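Asker:
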Amino acid sequence: MTNETDEYYMGLALALAKKGRGHVAPNPMVGAVIVKDGHIIGQGYHEQYGQGHAEVNAFRSASEDVTGATIYVTLEPCSHYGKTPPCADLIIEKKVKRVVVGALDPNPLVAGRGIQKIADAGIEVTTGVLADESRQLNEVFMKFITTKQPFVVLKTAMSLDGKIATATGESQWISGEASRKQVHAERGYLTGILVGINTVLKDNPRLTARLPNSKNPTRIVVDSSLRIPFDRHILQDQDEAPTIIVTTDKADPDKIASLTERGIRVIVVASYQARVDLQAAMAELGALNIDSILLEGGAELNYAALAAGIVDKVQFYIAPKLIGGASAPTPVAGAGIAHLADALPITNMRTQMIGEDIFVEGYIKRE
Ligand code: AOF
Ligand code: ZN
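Take the sequence shown: its letter number 350 is residue 350 in UniProt numbering, and every next letter is one higher.
(1) State whether the region 178-198 contacts the region 333-349, with contact taken as three or more CB pairs (one from each stretch) at a distance under 8 Å.
(2) Kindly indicate which three-state DSSP category L194 falls into: helix, strand or coil?
(3) Could you tell me whether the region 266-276 touches the region 125-137, where touching means 3 or more Cβ pairs closer than 8 Å?
(4) Could you check what DSSP says for V140 in three-state terms: helix, strand or coil?
(5) Are V100 and M10 close, meaning C-beta to C-beta below 9 Å?
(6) Can you find the residues in the same chain that come closer than 6 Å, C-beta to C-beta, to M1, ignoring five residues on each side of it along the sequence?
(7) For S61, does the three-state DSSP call read helix, strand or coil?
(8) Can you grab the Cα-Cα spacing for the pair R60 / R262, in whole Å?
(9) Quick check on the DSSP output: the alpha helix (DSSP H) that includes I123 runs from which residue to which?
(10) Please report how far the alpha carbon of E356 lies from the alpha carbon of W173, in whole angstroms.
(11) Less than 9 Å separating the beta-carbons of S271 and P150?
(12) Have a look at P108, E76 and S175 and flag the residue whose alpha-carbon is nearest the alpha-carbon of I318.
(13) Have a look at V152 and E284 and give me their C-alpha separation to the nearest angstrom.
(14) Do you know whose CA, among T248, S258, V314 and Q48, lies nearest S224's CA?
(15) So what does DSSP say about D254, is it helix, strand or coil?
(16) Here's a check: name, in chain order, each residue in its chain whose Cβ is nearer than 7 Å to the Cβ of M142, leaving out the five neighbours to either side.
(17) Rounded to whole angstroms, what's the CA-CA distance from I164 to A326? Just pull it up for me.
(18) Suppose the cutoff is 7 Å on Cβ atoms and the five residues either side in sequence are ignored; what does the same chain contact list for Y259 look like?
(19) To test your reading of the DSSP string, which unbroken alpha helix (DSSP H) runs of 4 or more residues are found completely within the region 201-274?
(20) First and last residue of the alpha helix (DSSP H) that includes A305?
(21) Pick out whichever of E133, T191, A274 and K215 has its Cα sitting closest to the Cα of L295.
(22) In terms of alpha-carbon separation, which member of T147, V221 and F316 lies closest to F359?
(23) Would you give the residue range spanned by the alpha helix (DSSP H) that V311 belongs to?
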């Protein structure tokens, strides 16, 4: 039975899990707390991809015998031999009395087998404690492990009147410093960052995270006819982060060869309306273990991504300024839609002030 005490310890385990953010992908963030006689006697989290799972680290930290204790784990303990042996076996071996689980693990290798194994060994199992919070924390994992498609976050910064640049194309900077810092943090959390070739031609961005202890995302450019000039930062500073170019059969094979020679991965996918087929691109990127992507535009790519149905979440930074101009660009261009009934609905929207900007995030509502 779920009670306040269970929620309290699971809350602590979730806070531990979050410490793995940016270090465990494509694995989930998982935390564990071991409690005996009303005292916490061990705690741990999945700290680094390929290394110990949360349960292993929690048992390792135990300050006394764990026999008869209760272990709180934010995600169902695994039942498979992966990079580490099954946590379910370890839990049974440690003779705990009770296991409290947050969310079930949708990994087809686990999917209920973890708790089944533990329950079959005669250990009391409680599931579903703060399960929504655990699933939300692991929204990337939840999608990727079941679909092998990256979780895509569309990010944009605009003025209060919805412009992402002036009519002459000036766009640096619309949002404030605090917002830009948060974007850099987000770049460090997600595995890939995606832009269109026009952004690379116009802004020559580095697309790095530029925060201490943060890793840089893999830079991905959608470039249907392989127009990218060799002098761009993202092709020059290969020691910062890998760069992948997604193109079509319109690309010059000699240019593909010379990019490849320089260590740039070029992926050729099918075209859709003479451009990169973004669904095909996502399948290729997923196969490379890119579980999450921050989509940073421009406006044409944003529209194409929304139309292709590859976007999961949107993040808007709205700056307290008015820009105006009928020809000044807005976050989503393309053909748009003819009827309001066809507008893409956003759900679970939340807002927050970041410095002087308003931050809005929400999810694309699926049928
Ligand atoms: C747990 N505790 O802390 C985590 C789990 O490749 P491996 O061996 O690291 O296994 C990865 C899978 O294990 C991952 O896809 C997910 O199903 C589960 N993650 N399980 O019991 C943990 N991180
Ligand atoms: Zn495990």
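The C-beta atom is built at its ideal place from N, Cα and C for all residues, glycine as well. All figures in this text were calculated on a predicted structure; none of them were measured in a lab.
Answerer: According to the structure data:
(1) no
(2) For this step, residue 194 is matched to residue 194 along the sequence shown. L194 falls in the strand class under three-state DSSP.
(3) no
(4) Taking the first residue of the sequence shown as position 1, residue 140 is located at position 140. Here V140 sits in helix by DSSP.
(5) For the purposes of this step, residue 100 is identified with residue 100 of the sequence shown, where counting begins at 1. For the purposes of this step, residue 10 is identified with residue 10 of the sequence shown, where counting begins at 1. Closer than 9 Å, so yes.
(6) For the purposes of this step, residue 1 is identified with residue 1 of the sequence shown, where counting begins at 1. In this prediction, M1 scores a pLDDT of 45, lower than 50, which makes its location untrustworthy; the coordinate-derived value is nonetheless stated afterwards. Counting only Cβ-Cβ distances below 6 Å, and skipping sequence neighbours, we find nothing.
(7) Locating residue 61 in the sequence shown gives position 61, counting from the first residue. Correct three-state label for S61: helix.
(8) As a first step, residue 60 is located in the sequence shown; it is residue number 60 there, counting from the start. As a first step, residue 262 is located in the sequence shown; it is residue number 262 there, counting from the start. Taking the straight line from one Cα to the other gives about 44 Å.
(9) Residue numbering aside, residue 123 sits at position 123 when the sequence shown is read from its first letter. First-last for I123: undefined, no H or E at that position.
(10) The residue given as residue 356 occupies position 356 in the sequence shown. The residue given as residue 173 occupies position 173 in the sequence shown. E356 and W173: Cα-Cα distance of roughly 13 Å.
(11) Along the sequence shown, one-based indexing puts residue 271 at 271. Along the sequence shown, one-based indexing puts residue 150 at 150. Contact: no.
(12) Counting from one through the sequence shown, the residue named residue 318 turns up at place 318. Selected option, being the one with the closest Cα: S175.
(13) Position 152 of the sequence shown holds residue 152. Position 284 of the sequence shown holds residue 284. Each residue's Cα considered, the two are about 14 Å apart.
(14) Start at 1 with the first residue of the sequence shown, and residue 224 comes out as number 224. The candidate whose alpha carbon is nearest that of S224 is T248.
(15) For this step, residue 254 is matched to residue 254 along the sequence shown. Helix.
(16) Locating residue 142 in the sequence shown gives position 142, where the first residue counts as 1. Closer than 7 Å at the Cβ level, and outside the excluded window around M142, lie P106 and R135.
(17) In the sequence shown, the residue the question calls residue 164 occupies position 164. In the sequence shown, the residue the question calls residue 326 occupies position 326. Near 12 Å, if we compare the C-alpha coordinates of A326 and I164.
(18) If you number the sequence shown from 1, residue 259 lands on position 259. Per the sequence presented here, residue 259 reads as Leu, with Tyr not at that position. For L259, where only same-chain residues beyond five positions count, the Cβ hits under 7 Å are I245 and V266.
(19) 233-236 and 253-261
(20) Locating residue 305 in the sequence shown gives position 305, where the first residue counts as 1. It spans A299 to A308 - the alpha helix (DSSP H) in which A305 sits, taken as one unbroken run.
(21) For the purposes of this step, residue 295 is taken as residue 295 along the sequence shown, with counting starting at 1. For L295, the nearest C-alpha among the options comes from T191.
(22) In the sequence shown, the residue the question calls residue 359 occupies position 359. It is F316.
(23) Locating residue 311 in the sequence shown gives position 311, where the first residue counts as 1. That residue, V311, is in no alpha helix (DSSP H); it is neither H nor E in DSSP.
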